[in-house]
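Visitor: Have a look at this one.
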Amino acid sequence: MLKIPPHQVAGHQAGNGKLGPLVDESGRFYKPLQGDERGSNEVKFYESFSSNTKIPEHISKFFPIFYGTQLIEASDGSGLKYHLVLHDLVLGRVNPSIVDIKIGSRTWAPQSTEEYMQKCLKKDVETSSLPLGFRLSGIQIYGNKESGYWKPERTSIQNLSAEEVKLILKKFVSSNAATDSDLEPDCSFAATVYGGSTGILSQLLELKAWFEDQTMYHFYSCSILMMFDKEHASVGRNPGAIIKLIDFAHVIEGRGVIDHNFLGGLCSLIKFISEILTAPNEHTTEVSSKPDHQNFICFDNGVN
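In this text, residue positions in the sequence shown follow our numbering: the first is 29, and each later residue adds one.
Now the structure itself:
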């Protein structure tokens, strides 16, 4: 039986007659294909990536498993529509904390129409994409059984300063209530979620090493999804911290050129995570106004 994903934090969401993704009981995620070239572009990317023998196994783990496309009943009641069939990334998680981060200071591909380019450019300028190299697209932070989730409006977290972004990323790994603005986040789960040999920072650095070399694809308007289980972390169990790349409707061929736009945003995110690990009580984050991968120092702190 298909249902609305309970933990979707960004993107088009199903419900109230709107078209959006669905999930089933077997752990598959059904994403409706967009009607224009974006839908075919995303299918083309998944087909290319999943069959590309040049993709190392330690990199393919950061991408959703692709099962092809399937014609199913759309969530908006409009009838049968083709959907991408992917692995449900939150399968098996009960109360996951999740943040969706759109990477890159520029979210439009070179061949975009003038109208689409102007639309994306306006949003890039008005949000943190241009100054920081990424923007928060959606977030949910689990508190406890009584408080449930803190899930702010997406528009309220996209246009944040460097300090405000750092505060959100601290709240993501803190035990005290994310809704309490008077409490400084305690970052009590930072070491186990962000740090360590299998933590989020280590995974981001692994991804960065690949992006420093790969010239096959350029990833515009793509997101990194970070998630972990707070309840596990609070009792000393493995929090299952992982990162995944999602949303590939605007991927183009790299043509032998490094994807500096994505790499710059990735390095910026790494800088924020590194600073939280090394100095959780510090408040200053210096960020270049023109993000590229050479403008950011990517630290290895917290990686064993």
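Glycine included, C-beta positions come from ideal geometry on N, C-alpha and C.
Remember, it's a predicted structure, so these values are computed and weren't measured experimentally.
(1) Alpha carbon to alpha carbon, what distance is there between A102 and W178?
(2) Between Y95 and K194, what straight-line distance do the alpha-carbon atoms span, to the nearest angstrom?
(3) If you pair each beta-carbon of the stretch 158 to 169 with each one of the stretch 78 to 96, do three or more pairs fall below 8 Å?
(4) Check the C-beta distance from Q231 over to I196 and give it rounded, since I have them as a contact under 8 Å.
(5) Quick check on the DSSP output: the alpha helix (DSSP H) that includes C295 runs from which residue to which?
(6) Determine whether the beta carbon atoms of D116 and S133 lie at a separation below 8 Å.
(7) Can you give, in chain order, each stretch of the alpha helix (DSSP H) that sits fully within the stretch 145 to 169 and has at least 4 residues?
(8) Is the distance from the Cβ of L149 to the Cβ of W136 below 8 Å?
(9) Out of curiosity, what's the CA-to-CA distance linking G282 and Q242?
(10) Closest to Q41 by C-alpha separation, out of H278, S54 and Y58, would be which residue?
(11) Going by beta-carbon coordinates alone, are M255 and P49 separated by less than 8 Å?
(12) Answer yes if the stretch 292 to 304 comes into contact with the stretch 224 to 240, meaning at least three C-beta pairs across the two stretches below 8 Å, and no otherwise.
(13) Can D257 and R121 be called in contact, C-beta distance under 8 Å?
Guide: Let's see:
(1) Taking the first residue of the sequence shown as position 1, residue 178 is located at position 150. Taking the first residue of the sequence shown as position 1, residue 102 is located at position 74. Approximately 29 Å between the Cα atoms of the pair.
(2) As a first step, residue 95 is located in the sequence shown; it is residue number 67 there, counting from the start. As a first step, residue 194 is located in the sequence shown; it is residue number 166 there, counting from the start. Those two C-alpha atoms are separated by around 36 Å.
(3) no
(4) Position 203 of the sequence shown holds residue 231. Position 168 of the sequence shown holds residue 196. Wrong, their Cβ atoms sit about 19 Å apart, outside the cutoff.
(5) Counted from its first residue, the sequence shown places residue 295 at position 267. C295 -> alpha helix (DSSP H) spans H288 to T306.
(6) For the purposes of this step, residue 116 is taken as residue 88 along the sequence shown, with counting starting at 1. For the purposes of this step, residue 133 is taken as residue 105 along the sequence shown, with counting starting at 1. Going by C-beta atoms, D116 is not nearer than 8 Å to S133.
(7) 157 to 160
(8) Your numbering for residue 149 matches position 121 in the sequence shown. Your numbering for residue 136 matches position 108 in the sequence shown. Their beta carbons are under 8 Å apart, which means L149 touches W136 by this criterion.
(9) Mapped onto the sequence shown, residue 282 falls at position 254. Mapped onto the sequence shown, residue 242 falls at position 214. The alpha-carbon atoms of G282 and Q242 are separated by roughly 8 Å.
(10) The residue given as residue 41 occupies position 13 in the sequence shown. Of the listed residues, the one whose Cα sits closest to Q41 is Y58.
(11) Along the sequence shown, one-based indexing puts residue 255 at 227. Along the sequence shown, one-based indexing puts residue 49 at 21. Cβ atoms of M255 and P49: not closer than 8 Å.
(12) yes
(13) In the sequence shown, residue 257 corresponds to position 229, counting from 1. In the sequence shown, residue 121 corresponds to position 93, counting from 1. Contact: yes.
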